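FYI, numbering that gives the first Met the number 0 numbers position 27 of the sequence shown as 26, with every residue one higher than the one before it.
First the structure, in the form of structure tokens, and then the observations on it.
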Amino acid sequence: MGIENRDDRMVWEDAEPEAGVTSSGEAAFSSDKEQAADAAPLARAAIALLRGVVFRDKDEALWQTVWKERVRLMDYFRVIGLQLYVDEADEYAYLRQDESSGLPRIMPRHPLGFSLSMMLVTLRKKLGEFDAARGDARLIVTRDDLALSLRPYFPPVTNETQFLMRVDRDIQQAVQMGFLEPAGAEAAYAVRPLLRSFVTAEWLRDFEARLKEYEAYGQQDGGEEAGK
Numbered sequence: 000m001g002i003e004n005r006d007d008r009m010v011w012e013d014a015e016p017e018a019g020v021t022s023s024g025e026a027a028f029s030s031d032k033e034q035a036a037d038a039a040p041l042a043r044a045a046i047a048l049l050r051g052v053v054f055r056d057k058d059e060a061l062w063q064t065v066w067k068e069r070v071r072l073m074d075y076f077r078v079i080g081l082q083l084y085v086d087e088a089d090e091y092a093y094l095r096q097d098e099s100s101g102l103p104r105i106m107p108r109h110p111l112g113f114s115l116s117m118m119l120v121t122l123r124k125k126l127g128e129f130d131a132a133r134g135d136a137r138l139i140v141t142r143d144d145l146a147l148s149l150r151p152y153f154p155p156v157t158n159e160t161q162f163l164m165r166v167d168r169d170i171q172q173a174v175q176m177g178f179l180e181p182a183g184a185e186a187a188y189a190v191r192p193l194l195r196s197f198v199t200a201e202w203l204r205d206f207e208a209r210l211k212e213y214e215a216y217g218q219q220d221g222g223e224e225a226g227k
């Protein structure tokens, strides 16, 4: 997430003990190695969080470390202006920038284009409707479903292939962001609960006021992304 991590651990496997090393010195050396071994899972968890979202269904051992050490991780990241968010119900964790810390920004902001923004809003609304109706099951969407839902918000296209290529591009971005994952069937995707944390219900309410504006945009003959 914009941070380069260095591995400064020393390698001791081939080291020969110097002459005159006392038993107390050997004990201290052994203790240092044990402490390093104990800290390794915590360090791996911290690095994984700096790189992105940790999902339980992707790495059980890593998730268990994050969950067990969440207080220590929160304290560590607070020092550098980051907040650890852990969702126990949906079993994922990620870092947020603490805007009130006054520290330089670590987590970069990535402006979303119009088409990707509309896709995320569409997915979030589908997820909300699905949650109310189905509960614990996973929401599965297809490329064709998304294309049909998004079409009213874009100018009429004469080249259907270009429109679908744009939909595919935005789907792949949503996969990289952790909001979608391939669901096995061709062009089918599961919507991850992580989306709720980024596209909130409050944000959606504010966005509703702009939907008619986007629908009007979709009826135009042109547009900044038309034909792209």
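Virtual Cβ for every residue (Gly too), placed ideally from N, Cα, C.
Please read these numbers as outputs of a predicted model, since none were measured by experiment.
Cα-Cα separation between residue i and residue j, rounded to whole angstroms
i	j	result
glutamate 128	alanine 38	43 Å
arginine 71	proline 155	53 Å
glutamate 207	methionine 117	12 Å
alanine 44	asparagine 158	46 Å
glutamate 185	arginine 204	33 Å
valine 52	glycine 177	7 Å
valine 78	serine 100	9 Å
threonine 160	glutamine 63	44 Å
phenylalanine 76	valine 85	13 Å
arginine 168	aspartate 74	38 Å
alanine 27	aspartate 56	Per-residue confidence for alanine 27 stands at a pLDDT of 48, beneath the threshold of 50, marking its modelled position as unreliable; the derived number appears in the next sentence. Distance between the alpha carbons of alanine 27 and aspartate 56 is about 39 Å.
threonine 121	alanine 131	16 Å
leucine 119	glutamate 98	23 Å
glutamate 87	proline 110	29 Å
Nearest residue (CA-CA) to residue i, options the options
i	options	result
leucine 49	Ser99, Ile105 and Arg165	Ile105
phenylalanine 153	Leu126, Ala189 and Gly112	Gly112
tyrosine 93	Val65, Val120, Arg71 and Leu203	Val65
tyrosine 91	Asp58, Thr160 and Val174	Asp58
leucine 115	Arg195, Gln63, Arg55 and Ile170	Ile170
alanine 200	Leu126, Leu163 and Arg55	Leu126
Close Cβ partners of residue i (< 7 Å) along its chain, the five nearest in sequence each way excluded
i	result
valine 166	Arg142, Leu145, Ala146 and Leu149
alanine 47	Val53 and Leu61
glutamine 172	Leu115
leucine 41	Thr64, Glu68 and Arg71
Residues bridged to residue i [DSSP beta-bridge criterion]
i	result
glutamine 82	Arg95
glutamate 180	Ala189
valine 53	Ala92
Residue-level contact to chain C via CB, residue i, 8 Å cutoff
i	result
tyrosine 84	Judged by its chain identifiers, the structure shown contains no chain C, having just a single protein chain.
Terminal residues of the alpha helix (DSSP H) in which residue i lies
i	result
isoleucine 105	Element bounds for isoleucine 105: n/a, residue is neither H nor E.
valine 174	159-175
lysine 57	That residue, lysine 57, is in no alpha helix (DSSP H); it is neither H nor E in DSSP.
Endpoints, beta strand (DSSP E) assigned at residue i
i	result
valine 140	139-141
6 Å CB neighbourhood of residue i in its chain, flanking five on each side removed
i	result
isoleucine 139	Ala182, Ala187 and Ala189
proline 192	Asp89
leucine 102	Gly80
Sequence-distant residues of the same chain with beta carbon closer than 8 Å to residue i, five excluded per side
i	result
glutamine 96	Gly80, Leu81, Gln82, Arg104, Ile105 and Met106
valine 174	Glu180, Pro181 and Tyr188
arginine 123	Leu194, Arg195, Val198 and Leu203
arginine 137	Ala182, Ala189 and Val190
arginine 108	none
leucine 163	Arg142 and Ala146
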